[in-house]
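Chain order of the listed sequences is A and B. Heads up: the first sequence runs through residues 0 to 391, numbered per numbering that gives the first Met the number 0. Heads up: the second sequence runs through residues 0 to 830, numbered per numbering that gives the first Met the number 0.
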Amino acid sequence: MNKKLYYLFFALALVSCERPAIENTAQLKLMLKAEGISRISEVSVTAHDINMNRDYTDTTLTMTLPLGYYDLAVTAKGDGQPITAYKRGVSLSQDCAVELVADFVRAGDDHFVLAEIFYTGTETPEGKRYNGDKYFVIVNNSADTLSADGLILIESDLNSVQKYNMDNDFRDRYFAVDAMYRIPGDGNTYRVAPGGALLIVDNAMDHTAANPNSFDLSNADFEWYDVSSSAGITDVDNPAVTNMDKLYCYTYTIWVPHNQGHKSFGLARFPEGMTSELYFATDSFHIRYQYELVTAAGTFSQSKQSYVLPNEWIVDAVNLAPSETFQWLPVSDRLDAGYTYVAPTGSDVTRFGKAVRRKTIATLNGRRLLKDTNNSTDDFEVAQKANPFYFK
Amino acid sequence: MLVNIPVLLQASGVDSLALDSAQLALLDSLTRSFTLQEVVVTAEESTGKSSASVINKEAMQHLQPSSFTDILQTLPGGTTKDPDLTHSNTIRLREATNGAASEDYDASALGTSFVVDGAPVSTDANMQYIQSDISGADAKRNSVGAGVDMRTISTDDIEKVEIIRGIASAEYGDVTSGVVKIERTAKPTPWRARFKADGFSKLLFFGKGLGWKNDQTVLNFGIDYLNAKADPTNTLENYQRITASVRLQQKWQTEEWKLKWQSNWDYTGSIDNEKIDPDIHKNREDSYRSTYHKWGWSNTLHLHQPAVEWYQLSVQANISGEVDRIDQTRLVQLTTPKNPAIDNMQEGEATVSLLPYKYTAKHTVEGLPFNVFIRPKAEFFFDTWRLNHKANIGLEWRYSKNFGRGQIYDLSRPLNYSSTLRPRAYYDIPATNQISWYIQDDISFPIHEYVSADLNIGLRGVTMLGLGKAYAMDGKCYLDPRANLTLNFPVSKGKVFIAGGIGQHTKMPTLLQLSPNLLYMDLQAPDVPIAPTDETMQIYTHIINPTNYDLLPARNLKWEVRAGLGIHKHRLSITYFEEDMKDAFRYLMQVDAFRYTINNREYDRLLTYSTTRNGSHIHKQGIEWQYQSPRIQAICTRFTINGAWLRTTYSNSEQMFSTEKTPGIVNGGNVQDHYIGLYNWTEGYIRESLNSNLVADVYIPKIGLVVSATLEATIFTASKTLEKNGTPVSYIASSDGLLHPYDAIAAQDPVLKTLTFDYNLGQFVRRTVPFEGYLNLRVQKDITRFASIALYVNRLLDILPDYTVSSPEGSPVIIHRTASPYFGMEINLHI
């Protein structure tokens, strides 16, 4: 259960030593501050020498290291829960104090994150759009092997470029969805090692035949497949690739992630005992609300019905908004306090083929440790050339 | 001009109409100078029995129009609009000016009859649209089901336009909203040439009227060329029009008979073009071109015996044919990987191949509309007791057919690959034959020493022939009774009048509305997905005939009351009107439950499609006013005030199925495939506008200068969405195809509860846009005896105060408005 998601503030500090360094090594002392946590155990520190591309590991917070330029990463248990902390680009030239900015670290049973989101689609050499190759990469950002079974990929119903004044601003409690696709499995079917990535695609096939500017996604881990009884609306199902369970979608046609990047995406998990049937039969997860749509031309009264997931069920959330048209956060700022993008405006024609990608803090024993401060403005690299295999 | 004669005669003290040729010549010159004195550069309110605006040649020249659309700004409630020649221009009489009504309410435009020299223009066989391309280049240009595209009407040959806003006499049929009567020049004229240019278009016109044998034979001809662009810097999206007209009038006279033959030959050609700049290496194959060539030949024979004063006979016959063609080419690349190329034309299972990822789609629409109109009519003049009658009976035959091949394309390489439309030849669509008759009487009679009355009373009947028994309209005669009454109260130097009218108006459906194309529903097995390696797909094609055999004509009941005066050249009239059309044509969603089998597995689902129904309700209401002052000699200026308060309600008139807010997939199941709600709601909106224009026109004959300044004030516009009840009355289920009541149990069901739609009461609040004002300027100046120049500026000055939109929650929003002027100028030559 993820109810115990802790939002911990860390101060990761270099404490200065008493005398100037005269050797080519220096002592590094880390102080880990975690709000609300009384006992820290099972510490594992990795210092990655960026220039030498060499890792130094230790199980204590004090290390002696060659002078250099380091990415530091710590994993530990705080009151029994896994916690992590990291700091990039720490210069160790002498024994002096360096104050580190506190990083927001989350711990929990689940530590899957959305690592790369490719929502724009590609452009053909002839200048037409191609949509069938959108994908999501999720990464196990924890130190433990985790099961991906039951993880639900969600798209937000609210939109980052259309601000609502809601009669009942539920964002502090709920994440309103317009699509929910769940990874199947019995709880132990799809196990992902620390740092392991899952590629979830619209269509698991070689798209380069349709569009040379696209990718071969034949070997994806999962695909979302939209059943249709109309021949004019056709989704493709690769029998070799597992389909996600489609729980909900606003449209009865094919779900295509919002290609201008106005929606938020997330990962969620039903708590124990919650089934799809029970979820849809529970009135409190289907809310009706009224709002004022705020636009440059005035405000417009609207109403809507949305299916919602309690914020406690959300494992990870990423807000997307074009940098020049951002209006508001579609989800609680506790889930994501920022937003990321591939273009300044939604209709920017250079957006195709670009994705947002989570920053790598450090490489820890060969695995990437991804930045997850619950602020995608800081956590993501914007407008990256899409590469579905970057994290593979 | 002839209407001015009695006035002139009064002014010059002549009291007899028996004139010899010398007197006629004098009269002609007097009339000409008199008309110059009385030059009217605005629309005038008609002195007839119904509310109508009359726009004469001088007013049109002063307006400097590019097409007929520009003339409508002179109507009460009209506002200046810049020419927009790369979209179709349809007419909206007596409708509030704010916001275009959706195509659900096109019946208003369809029911406005354009009558050119007595011949109605039929658009019933117009099917020039690209069926599968609802958002492309074609969507903004086609006017199918929306009447006349006014871009195609040039104005230079027009002598006079009368727009009957009120109750038209029974002589005018196949009309609901109003009648636009266009009379073209039929008299000797000097050579005329006009060259107009504005930021977006250029227009060139030449014309001449010749007369022989004391004008027993008159030949007029004119040719006009217009080239307009969507954007002055973009030569790839444009509109071109050529109109040519030759009109012959021949009179024969014997001792006993007077015979007049009017024969008009008309050509209109237009080309809409849209291409992509080939220098941009994207979409370079894509192009759109819509061409329209229309020929019309209209003949009228008018016969009367001068010795027998009580009757006149005439017969009018006109035929028109068009060669219309749309060619669209598009490089299609699939946006999603696999899509079927559906070419199955049979009901049942079929195996179809898949589309290639990339292909060039070529789509042609060939329409050859052909219309015939024949009307013999007789007029009778007689007196009964103290009543003076001018009676008129007529019989009409209207025939519309389209001989085109229709939508022509390779079914396996469609423009829009998700479309499941199948083409058909337009020549397979049955023609429409309308027979109508009318009888009407204009009766004048004195009621009292101080009161006289003019009554127009008429009855019109229309029947659609050869429809077939299946149609509810078959063989039925629809009657339009119409009456207008004016009471005149003579006062010193003029008269005061009150008037009123009421009338039923009927518009028959178009060919496409009567005989829509068959619908092909291509279904797949939801549980048998298509794999990346598949090269075919198994489908089931279900054919639905969407013909609505219960379709009835659209009928508009109009009434109005008027009051006014004409005293000492001050003319004032005020009209209150209401129009109610409850059965206007619109597409409404139909739902059928359907079971089908693919590979021996049975599936059920709901199929939705649209049919033409009498489902729209258009209610028009308003007050129109017009005041015209005499020309004040000291400042050579005449003032005209006209304006209108218009309130138009657009709504549905039948219960509606809707999936407007139905979610797609709930708990893994497709909701709309299995449940659709039926709503007994009013879906629609109210538009309201109040505006008034003040025109001051200065005419200085000595220097040949006409200047008019128009202060155009829109006091407010308002709009309101009609309250909607989002709780269905019932729902249809795919399992049994029956309507089930939407009761408390249904409202609790996890899936069915989503059929209840919520609306925010704030959506139904009336939203008002406050005052906007503009100053427009038009100048005409004679530069020699043979030439004049003219220019106009729309929105030379603007008054657009900021206003605040307040919202119950959040901070108010301040709206800034801006406007930019629009210029045009022209040179006119008279040689």
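We put the beta carbon where it would ideally sit given N, CA and C, even for glycine. Note that the structure is a prediction, hence the values are computed from the model and not measured.
- Query: Which one of A:A267, A:K353, A:S331 and A:L60 has the shortest CA to CA distance from A:G260?
  - Reply: A:K353
- Message: Taking the beta carbon of A:C248 as the centre, do at least 16 other beta carbons fall within 10 Å, making it buried, or is it exposed?
- Response: buried
- Partners in chain B for A:H110, counting only beta-carbon separations shorter than 7 Å: Ordered by position in chain B, no residue passes the 7 Å Cβ test against A:H110, which lies about 28 Å from the chain.
- CB contact below 8 Å: B:T753 versus chain A: yes
- Message: If you reduce the DSSP assignment to three classes, tell me which class B:M507 lands in.
- Response: coil
- Item | Span of the alpha helix (DSSP H), counted from its first residue to its last, around A:D378 | S375 to D378
- Message: Beta-carbon within less than 6 Å of B:H829's beta-carbon, same chain only, minus the 5 sequence neighbours each way: which residues are those?
- Response: P189, R191 and F785
- Where do the ends of the alpha helix (DSSP H) carrying B:E308 lie? Here B:E308 belongs to no alpha helix (DSSP H), and DSSP marks it neither H nor E.
- Task: Under 7 Å Cβ to Cβ from B:R646, same chain only, skipping five residues before and after it: list those, please.
- Result: A95, Q620, G621, I685 and E687
- Item | Residue from B:S734, B:T767 and B:D781 whose Cα sits closest to the Cα of B:I702 | B:D781
- Task: State whether the stretch 272-285 of chain A contacts the stretch 210-228 of chain A, with contact taken as three or more CB pairs (one from each stretch) at a distance under 8 Å.
- Result: no
- Item | Three CB pairs or more closer than 8 Å across the stretch 550-564 of chain B and the stretch 526-534 of chain B | no
- Any chance the CB of B:D105 is under 7 Å from a heavy atom of the ligand ATP? You won't find the ligand ATP in this model; it holds no ligand whatsoever.
- Is B:K186 helix, strand or coil when you go by DSSP? coil
- Query: In this structure, what does DSSP give as the bridge partners for B:K619?
  - Reply: B:E578 and B:T647
- Message: Would you say B:N544 lies against chain A (beta-carbon separation less than 8 Å)?
- Response: no
- Task: For B:L522, go through chain A and note every residue whose CB falls closer than 8 Å to its CB, in chain order.
- Result: S228, S229 and A230
- Where B:A633 falls, given that 16 or more other Cβ within 10 Å makes a residue buried: exposed
- Query: Does DSSP put A:T325 in a helix, a strand or coil?
  - Reply: Looking at the sequence provided, one finds Phe at residue 325 of chain A rather than Thr. Note: A:F325 maps to coil in three-state DSSP.
- Message: Using CA atoms only, rank isn't needed, just tell me which of B:T681, B:D342, B:N391 and B:T290 is closest to B:E378.
- Response: B:N391
- Query: Taking the alpha helix (DSSP H) that B:H86 falls in, what are its first and last residues?
  - Reply: That residue, B:H86, is in no alpha helix (DSSP H); it is neither H nor E in DSSP.
- Going along chain B in order, which residues have a C-beta closer than 7 Å to the C-beta of A:P238? A530
- Task: Give the residues from the stretch 276-290 of chain A that approach chain B closer than 9 Å (Cβ to any Cβ), ordered along the chain.
- Result: E276, Y278, F279, A280, T281, D282, H285, R287, Y288, Q289 and Y290
- For the stretch 194-226 of chain A, enumerate the residues whose C-beta is nearer than 9 Å to any C-beta of chain B, in chain order. D201, N202, A203, M204, D205, H206, A208, A209, N210, S217, Y224, D225 and V226
- Item | Same chain only: Cβ atoms within 7 Å of B:G117, ignoring 5 sequence neighbours per side | T299 and Q315
- Item | Proximity test, Cβ basis, 8 Å: B:I814 and chain A | yes
- Query: Where does A:I182 sit, in a helix, a strand or coil, going by DSSP?
  - Reply: coil
- Query: Hey, quick one: how far does the beta strand (DSSP E) through A:I39 stretch, first residue to last?
  - Reply: I39 to D48
- Query: Which of the three DSSP states, helix, strand or coil, is assigned to B:I456?
  - Reply: strand
- Message: Suppose contacts are defined by Cβ-Cβ distances below 8 Å. Is A:N210 in contact with A:Y129 by that definition?
- Response: yes
- Message: One question on the structure: do A:T233 and B:I529 come within less than 8 Å of each other, judged by their Cβ atoms?
- Response: yes
- Message: Cβ closer than 7 Å: which chain A residues qualify as neighbours of B:S417?
- Response: G231 and I232
- In chain D, what lies closer than 8 Å to B:K400 by C-beta? Of the protein chains in the structure, A and B, none is chain D.
- Message: Counting only C-beta atoms, is A:K245 closer than 8 Å to chain B at any point?
- Response: yes
- Task: Starting from A:Q304, follow the beta strand (DSSP E) in both directions and report where the run begins and ends.
- Result: G297 to P309
- What is the DSSP secondary structure of B:F33, reduced to helix, strand or coil? Residue placement at B:F33 is flagged as unreliable, the pLDDT there being 45, under the threshold of 50; a coordinate-derived value is accordingly withheld.
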